[in-house]
Amino acid sequence: MTNNWEEVTDDLGRIYYYNRTTQETSWTKPLDTKSEWKAYTTDDGRQYYHNEKTGETTWEIPEGFEELLEDKDKIDIVENENNELHKDMDKPSSEETKSLSSLDLELEKKTTIRNELIEPPQFKSYQEAEDAFLSLLKSNNVDSTWSFQEVISKFIKNPIYWAIPDALHRKRLYDEYLVQKLKDELTNKSEIVEKFERNFLQVLQNFEKKGLIKYNTRWITIKNILIAEENPIFKNSVLSDNEVLKIYDTFVNGLKEAREESIKQQKAQALDELKSYLTQINPTLVSDSENWDQLYKNLQNDARFKANKHFTVLNKVDILELYTADIYPQILDKLKTEIASIEKKNYRSDRKARQFFKEFLIKNISINANSLFENIFPLLENEDCFIELCGRNGSSPLDFFWDVVDEKYQLMKLKKDIVENTISGLKNNPKYSYDQLLSSKENFINSLADLKDERLSAFEFNLSNETQDDNELKIIFDTLKRDYDLKNELLKSKYKKELEQREDELARWLFSNHEKHDIIKFLNNESDSSDGHFVTILKKEDPNNTPQYAVNTIDKHGLQSLFESKFQNIEQYRKLETTIQMASNNGVKASIEYSFEQSIHAFVNFLNNASPSPEHAAYANKKRPIREDHADNKRFKPENREADAKLKPDGPKHNPVLLNY
1 MTNNWEEVTD DLGRIYYYNR TTQETSWTKP LDTKSEWKAY TTDDGRQYYH
51 NEKTGETTWE IPEGFEELLE DKDKIDIVEN ENNELHKDMD KPSSEETKSL
101 SSLDLELEKK TTIRNELIEP PQFKSYQEAE DAFLSLLKSN NVDSTWSFQE
151 VISKFIKNPI YWAIPDALHR KRLYDEYLVQ KLKDELTNKS EIVEKFERNF
201 LQVLQNFEKK GLIKYNTRWI TIKNILIAEE NPIFKNSVLS DNEVLKIYDT
251 FVNGLKEARE ESIKQQKAQA LDELKSYLTQ INPTLVSDSE NWDQLYKNLQ
301 NDARFKANKH FTVLNKVDIL ELYTADIYPQ ILDKLKTEIA SIEKKNYRSD
351 RKARQFFKEF LIKNISINAN SLFENIFPLL ENEDCFIELC GRNGSSPLDF
401 FWDVVDEKYQ LMKLKKDIVE NTISGLKNNP KYSYDQLLSS KENFINSLAD
451 LKDERLSAFE FNLSNETQDD NELKIIFDTL KRDYDLKNEL LKSKYKKELE
501 QREDELARWL FSNHEKHDII KFLNNESDSS DGHFVTILKK EDPNNTPQYA
551 VNTIDKHGLQ SLFESKFQNI EQYRKLETTI QMASNNGVKA SIEYSFEQSI
601 HAFVNFLNNA SPSPEHAAYA NKKRPIREDH ADNKRFKPEN READAKLKPD
651 GPKHNPVLLN Y
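Numbering (the UniProt record's numbering), first residue to last: 1 to 661.
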């Protein structure tokens, strides 16, 4: 705490600071008073002292000034208005207290001796005192350029100034006075601006009448004219150049908008007249023009168009917009109407042409489920009904052909299902097995005729005189035969793959167990004895000293006894035997001796690769010698691939025979 200052709390619990010596109060903590004091003299010759650091002011001589004022009588200081200040302490904000200058606070907190006190005039009410104070400010032209410090210095000796005893209240009245004065000034300025704007606009309108201002006239041009004429309105303007420029820009923008609106109205009138001219008065200009460019060219050469002054405001884009919005849609509507009329006339003739061609196709052209359009086209191309139908609306000749083929196919499919169901019911009869029935077409037809099945009563079985039914039966035979052959080929392929898998499994077992079972004899030289082993493998080393193995001998004559003595309890061998039996039953040439030989070769490959993994197994398969039965197996003959492909259907959604068209 600084000297003589102490912290005090009021009734509301707020903290302020009180100086016991000067009886000053403050909401904020005062700074230390270490700066020097200075002496000042009032207008009436009285001397007071002010500390610029602390803002403290006193009539008493501070310490250190005694030697300067030896003959000066001490002035008694009476009690200040501390009680009154505390009474209003909860009203003003701390900002208001801070805004008061230190001189004002100090001079007004203290009063002189009673006989030197200024006596303020007496008013009937406090409102009259406030009005008198405000009148004092107004009569002296106090404005926002005055600080409150200047107000105090100016009016401190005026009795009316003291009509308001509270310094904070005077400060508040001063602020309210400035706010009201600013509002009045703004109101007056608005009136001045409005008056200037009216007068200045009148000047601009006169310039417009004289032709001095147009929509594109620049402000600098008009400004030079106003200066040259010494126009009093412009010369005595209270507005800045930017504000005057804004008024001018607003006026010119109005001219631009008026001009654009005028041109818009003129164009609208001209476009209406041009539309009437092209659609009613002279429509030949449109009908004789093949396109927009030609129409515009004809329009530019038209005498009546050039003579009409209203059309001068139109440019090419305006005319094009009229054409696309009004003229061209009318042309399209007219064409659509003509086309609709022609289509209506052609509808009946189109229907008749379709009917004649369909009847001719059914009665005169032989079509079955396998027919192709390219085969019947030579029979149609010179027929009048075919030529008449081409190019007409609706279904084409090709559409009618596919309709007939589809109808035949559906009927054929139904008959095929009947035959197939009949045959499947006789599968236990060797005479009617698939192999027997499908051995030849004649045997197939005769066998069906011998059945005397009511389900086959829809067919006529006559080999001596071929009929439509016979042709259908042959197609059904081809379909069933191809399906059967394809099924057998797929089944054979399945068992061959399974057989190879079983051989590989046995080879892997040999790789893991050949040392436990005395089955295979390894030789270092070809001349070494086999010691009664049926399988011998020659072991050699390559230049890198890596052992390499090769099959030396396999005694096929003794394998049967080897199998019976060594392999009967081996699971891989039993699976191989089962697969060989199933493959043989389905037409695959297979034997246990040959499969064992294949397993030995795969085993040797495993030895050379030192791992019986599936990858090495695949490698072993590639290294195997060709099977003996491959020569008779089409699956392994490249030259038979084309024949093999014929057995495949044309697509996943089509019957391989009936839908080959």
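We treat Cβ as the ideally placed atom computed from N, Cα and C, and that holds for glycine.
Check                                                                                                                                                                                               : Outcome
Relative to the C-alpha of residue 476, which candidate in 156, 607, 437, 234 has its C-alpha closest?                                                                                              : 437
Three Cβ pairs or more, each shorter than 8 Å: is that satisfied between the stretch 495 to 510 and the stretch 564 to 584?                                                                         : yes
When you compare each of 227, 214, 274, 272 to residue 259 by their alpha carbons, which one comes out closest?                                                                                     : 214
Going by the CB atoms, is the gap between residue 248 and residue 204 shorter than 8 Å?                                                                                                             : yes
Give me whichever residues DSSP pairs with residue 7 in a beta bridge.                                                                                                                              : 17
Can you find the residues in the same chain that come closer than 7 Å, C-beta to C-beta, to residue 143, ignoring five residues on each side of it along the sequence?                              : 181
Going by beta carbon distance, what residues of the same chain come within less than 8 Å of residue 282, once the five residues before and after it are set aside?                                  : 302, 304
What residues in its chain sit with their C-beta under 7 Å from that of residue 392, if we drop five residues either side in the sequence?                                                          : 350, 353
Please state whether DSSP places residue 536 in a helix, a strand or coil.                                                                                                                          : strand
Contact check, residue 662 vs residue 480 under 8 Å by CB: the rounded distance?                                                                                                                    : With the chain represented from 1 up to 661, any question about residue 662 goes unanswered, as that position is not in the structure.
Which of the three DSSP states, helix, strand or coil, is assigned to residue 37?                                                                                                                   : strand
Between residue 358 and residue 386, is the Cβ-Cβ spacing less than 8 Å?                                                                                                                            : no
With burial defined as no fewer than 16 other Cβ atoms inside 10 Å of the residue's Cβ, what is the status of residue 179: buried or exposed?                                                       : exposed
DSSP state of residue 673, grouped into three classes?                                                                                                                                              : Outside the displayed range of the chain (1 to 661) lies residue 673, so it cannot be described from this structure.
Opposite residue 523 in the DSSP bridges: which residues?                                                                                                                                           : 538
Sorted by chain position, which residues of the same chain lie with C-beta nearer than 6 Å to residue 450's C-beta, five sequence neighbours on each side aside?                                    : none
In this structure, does DSSP put residue 667 in helix, strand or coil?                                                                                                                              : Only positions 1 to 661 of the chain appear in this structure, which leaves residue 667 out of reach.
With DSSP as the reference, please indicate the residues paired to residue 202 in a beta bridge.                                                                                                    : Answer by DSSP bridge pairing: none, since residue 202 is not bridged.
Is residue 310 near residue 261, with beta carbons less than 8 Å apart?                                                                                                                             : no
Compute the Euclidean distance between the alpha carbons of residue 432 and residue 416, then round it to the nearest angstrom.                                                                     : 17 Å
By the three-class DSSP mapping on this structure, what secondary structure does residue 548 have?                                                                                                  : strand
So is residue 600 buried or exposed if we call it buried at 16+ other beta carbons inside 10 Å?                                                                                                     : buried
Classify residue 145 as helix, strand or coil using the three-state DSSP reduction.                                                                                                                 : coil
Which term fits residue 25, buried or exposed, when burial requires 16 or more other beta carbons within 10 angstroms of its beta carbon?                                                           : buried
Rounded to a whole number of angstroms, what is the C-alpha to C-alpha distance between residue 556 and residue 534?                                                                                : 8 Å
Does the stretch 126 to 134 come close enough to the stretch 164 to 174 that 3 or more CB-CB pairs lie under 8 Å?                                                                                   : yes
Report yes or no: do the stretch 394 to 411 and the stretch 363 to 372 share at least 3 C-beta pairs separated by less than 8 Å?                                                                    : yes
Which one of 271, 298, 293 has the shortest CA to CA distance from residue 284?                                                                                                                     : 298
Out of 441, 323, 564, which has the shortest C-alpha to C-alpha gap to residue 276?                                                                                                                 : 323
Starting from the C-beta of residue 505, find all residues in its chain whose C-beta is less than 6 Å away, skip the five residues before and the five after it, and write them out in chain order. : 572
Report yes if the CB atom of residue 545 is closer than 8 Å to the CB atom of residue 523, and no otherwise.                                                                                        : no
Going by C-alpha to C-alpha distance, which of 16, 397, 222 sits closest to residue 361?                                                                                                            : 397
Residue 517 and residue 566: beta carbons closer than 8 Å?                                                                                                                                          : yes
Give the range of the alpha helix (DSSP H) segment to which residue 293 is assigned.                                                                                                                : 292 to 301
Per DSSP, residue 554 forms a beta bridge with which residues?                                                                                                                                      : 535
Quick check on DSSP: helix, strand or coil for residue 28?                                                                                                                                          : coil
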